[in-house]
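Chains as they are written, first to last, in the working numbering: chain A, 1 to 211; chain B, 1001 to 1641.
By construction, the Cβ of each residue, glycine as well, lies at the ideal position given by its N, Cα and C atoms.
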Amino acid sequence: MPRSSAKTTASGKPGGGRKRKTPPQAGEPQLAVETLARAGERLGMSGDDISRILGVVDSVAEEAQATESVVDKYKADESALIQVLLEIQRRNRWLSGADLATVCERLGVPFGRAYRIATFYKAFSLTPRGRHSVSVCMGTACHVRGAPRLLDRVVEAIGVKPGETTDDQKFTLETVNCLGCCALGPVIVVDEEYHSNPSSKELDSIKRACD
Amino acid sequence: MARLKSPADLEQFRQGLRSGRDPKKPCVTICSGTGCHALGSDKVSEAFVREISRNGLKGKVDVRRTGCHGFCERGPLVVIFPQETCYLGVKPSDVSEIVSETLSANRLVDRLLYKDGDGTKVQLEDEIPFYKHQKRIVFGNNTLIDPKSIEDYIALGGYSALSKALFEMSPDQVLETVKDANLRGRGGGGFLAGTKWETTRDAPGDIRYVIVNADEGDPGAFMDRSLLEGNPHSVIEGLIIGAYAIGSHQGFVYVRQEYPLAVSNLQIALEQARKHGLLGKDILGSGFDFDVVIHRGAGAFVSGESSALMSAIEGVVGEPRPKYIRTAVSGVWERPSNLNNVETWANVPLIIDKGSDWFKNIGTEGSKGTKIFSLVGKVNNTGLVEVPMGMTLREIIYTIGGGIRNGKKFKAVQTGGPSGGCLPESLLDLPVDFDALTKAGSMMGSGGMIVMDEDTCMVDVARYFTEFLADESCGKCVPCRAGIEQMVKILNRICEGEGKTGDIELLEEISEVVRAASLCALGQTAPNPVLSTIKYFRDEYAAHIDEKRCPAGVCKALVSYYIDADKCTACGICRRECPVEAISGEKNVVHIIDQDKCIKCNTCYEVCPTRFSAVRKISGEPVPASPPPGTQVARAKGKQE
């Protein structure tokens, strides 16, 4: 059955390393190109479009499932609201409206309260974050050692401002207030790898190293 | 491991651990704190495991990954016991030599030792000036303990203070001891911990809570993180003792989710403590029940404020509330709740173990014990330092910190994070003491100590903190929300060369209102960075406003860069590095910066070799006219003539 084979694709790689809104990766079971093309013909779309839609459907289903299991883990305790949202954010890299609604329904809290928390704390994002996170430390020690100039270089290299995600969902740029490695400052962290005051050229190679 | 059901069980377990450990057996400890981790300590410890087994030393040498040692500047740090040989800046490629030389042949690897100013090599960690002048009573065990091992902690005497408190002291005696020790809160205000405990104990109600504040949000401060990551049991032990004194059976640790290692080490530690009967029901057979829940903060500076933190524990937005009734009386779910910071809790077992007189012997009249500072910024030896209260700022910065980087001149030291202030050179002989720092217009805060040199613009620093606070203000009360925002506007204006006469006075006026009328400590202390910089560096503000000049050359709108035609050798480095291609020139031709294209990123200034120093940064004066395009460089001209 074609749908179920697409499902294996997504559920075959649980956890955070999953790519969003991208066609199935090479080397994994895929729907036959021919099947997609024929489905596309019937719907007036290209096979690629169909494949992409199926990918989105899968990731939505998977996110919803993750949300449910997190709520289960915290035994639907109202006071665990922030902890539940943190874990969903970590797993899905964002909080969708649907996720918030599910959490509120299961914990019995008004939607407004969850929305307020989701917009109050820095850890939460109401839009999908990129696959690679780039954090520029703006702590005081880094600031006096030239963090603003480093941030300019990073913005130049990635092409988005702090808080934004690149159109291809590859990078999300953020500023953080202290990473606690002041001896290396000014410092940026790309996917948990620390880099001390990289030059524009070094930034280019760091960027290239991200798939 | 069976549960420990009595003090005798604990002692027997400890003796068992100690007798099983040969103090002469070599042990390689590798710092795995955040700084060393970032510098690659993981790979170093992997290399040690590999090399030790390759040299046939498996089983003969222990390898231990410990918490932060403090000397982050020179990481990754490796200390080899029992000699306590300390190697700095160890790379994976150095490991095979350390194993074959030091571990197998008992010879030193000279190049990895600390070198004094005159080139003398120092073998022992304690003899390195950075450590020698510290007093590491709270932080010292970090270097000896694997934070994931309760055995390490117990072998060093851990949980003996808890046993003493539960079996040899009444809750009142514990409280009196802490009160008598004059332990003041290490998180910011310096409130007396014993008095706070007493308020919570005496408050009406059956259920009381004790809480660890590990929401360390001050930029530039990371001592609480390093304690929690490196020695979590010391914090837990302090918390249980406090709970016993106060009569609480439920504790919380509120820790930032930005500190994943602290969260996981704490989780492991709590689990181990439960398994050993040191947490949970009937602790050590005393009949006292107590357990702890971890709450992760989701990233909001204001959530470190006590009432905000307690709201967050309840699962609502972490905003402060008016404190007509203190949280010690009505906190989490309106029950009496005692909140202390990580470092404060970690001091408790020491006080119970060694007595209040011992503690009172350290420090000044009003501030007892030690304080951990994160010494960062433009100082040579960056890292965490623990010093007795009363040591002067000068001793910390120069004797321990090794002075200012690159031979620059000291300008200011900022203490107390965004709520603190900047102190000038004339106050360097001020002792670190809660009251002395507050009197000087700064504060102890949680212990950030950021050193600034002549290249730091004090107006920019004030703007930095004020922007930070504007961003972190929860917006609940008007003076903080609107006041800080107006201050940012004025400071931005000054930094951009649009400052007006009267701006300084306006800043002072708004500061007074924000300070007096804000709801919580965030707003009440927010003007400190501005007021202290105005107080000590008013001339810098004046230079920005009246002369449109940034004396430190930091404020972009007020600086320009040009290339000194007499000094340029046309080496081309600046031209290649310029990110916007604003520099023109070719071989033997003087390079010129196109002022219209220049984004003032400072790159050319940084990359121009110091032996040429041809790129000049100026402020408050017009850019000299460029030489005509095609002008030959001086050296080439000389050759032609």
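Three or more beta-carbon pairs drawn from the stretch 1309-1316 of chain B and the stretch 1325-1340 of chain B are found closer than 8 Å, and the two stretches are therefore classed as touching.
Between the stretch 1144-1159 of chain B and the stretch 1409-1422 of chain B there are fewer than three C-beta pairs closer than 8 Å, too few to call the two in contact.
Leaving aside the five residues that flank Cys1474(B) on each side, the residues in its chain whose CB is nearer than 6 Å to its CB run, in chain order, Val1302 and Glu1319. Taking all protein chains in view, the Cβ of Gly1277(B) is crowded by 16 or more other Cβ atoms within 10 Å, so the residue is classified as buried. The straight-line gap separating the alpha-carbon atoms of Thr1392(B) and Thr127(A) is approximately 49 Å. Runs of alpha helix (DSSP H) with 4 or more residues, each lying fully within the stretch 46-104 of chain A, are found at 47-73 and 81-92, listed in chain order. Taking the beta carbon of Met1452(B) as reference, the chain A residues within 7 Å of it are Val144, listed in sequence order.
Val1253(B) is bridged by DSSP to Val1212(B) and Ile1294(B).
The DSSP-derived three-state label of Val1623(B) is coil. Under the Cβ criterion of 7 Å, Ala141(A) is counted among the residues facing chain B. Shown here, Thr1525(B) sits in a helix according to DSSP, grouped into three states. Taking every protein chain shown into account, the CB of Arg1107(B) has fewer than 16 other CB atoms within 10 angstroms, so this residue is exposed. Residues of the stretch 1193-1223 of chain B that bring their beta carbon within less than 8 Å of a beta carbon in chain A comprise Gly1217, Asp1218, Pro1219, Gly1220, Ala1221 and Phe1222, in sequence order. With respect to chain B, the C-beta atom of Phe120(A) has a partner C-beta closer than 7 Å. The three-state secondary structure of Lys1043(B), taken from DSSP, is helix. CA-CA distance, Cys137(A) to Pro198(A), rounds to 13 Å.
When DSSP states are grouped into helix, strand and coil, Pro1322(B) belongs to the coil group.
When Cβ pairs closer than 8 Å are counted between the two stretches, the stretch 1031-1040 of chain B is seen to touch the stretch 179-195 of chain A, the count reaching three or more. Looking only at Arg1611(B), Leu1558(B) and Arg1575(B), the smallest Cα-Cα distance to Lys1617(B) is reached by Leu1558(B).
Relative to Gln1524(B), the option among Val1138(B), Val1461(B) and Ala1470(B) whose CA is nearest is Ala1470(B).
Per the DSSP secondary-structure output, Val190(A) pairs in a beta bridge with Val134(A) and Glu193(A). Ranked by Cα distance from Val190(A), the first of Asp168(A), Ser135(A) and Val70(A) is Ser135(A). For the set Leu1166(B), Asn1142(B), Ile1484(B) and Gly1572(B), the Cα lying nearest the Cα of Val1530(B) is the one of Ile1484(B).
Per DSSP, the beta bridge partners of Ile1583(B) are Ile1593(B). Within the stretch 1388-1446 of chain B, the complete beta strand (DSSP E) segments of 3 residues or longer fall at 1410-1415 and 1421-1424, listed in chain order.
Fewer than three pairs of CB atoms, one per stretch, sit closer than 8 Å, so the stretch 1189-1200 of chain B makes no contact with the stretch 1103-1117 of chain B.
If you draw a straight line from the Cα of Asn1528(B) to the Cα of Val1109(B), it comes to about 48 Å.
DSSP places Leu1192(B) within a strand segment (E or B) once states are collapsed to three. The three-state secondary structure of Tyr1561(B), taken from DSSP, is strand. In terms of beta-carbon proximity, Ser69(A) stays away from the interface with chain B, with every pair separated by 7 Å or more.
The C-beta separation of Pro1349(B) from Ala1181(B) comes to about 12 Å, leaving the pair out of contact by the 8 Å criterion. In summary, the residues of the stretch 1571-1582 of chain B whose CB is separated from some CB of chain A by less than 8 Å are Glu1577 and Pro1579, in the order they occur in the chain. The straight-line gap separating the alpha-carbon atoms of Arg1611(B) and Cys1568(B) is approximately 11 Å. The distance from the Cβ of Val1063(B) to that of Val1099(B) is about 11 Å, inconsistent with a contact at the 8 Å cut-off. In the three-state reduction of the DSSP assignment, Asp1202(B) falls in the helix class, which pools H, G and I.
If you look at Ser1337(B), you'll find it in the beta strand (DSSP E) that goes Ser1337 to Asn1341.
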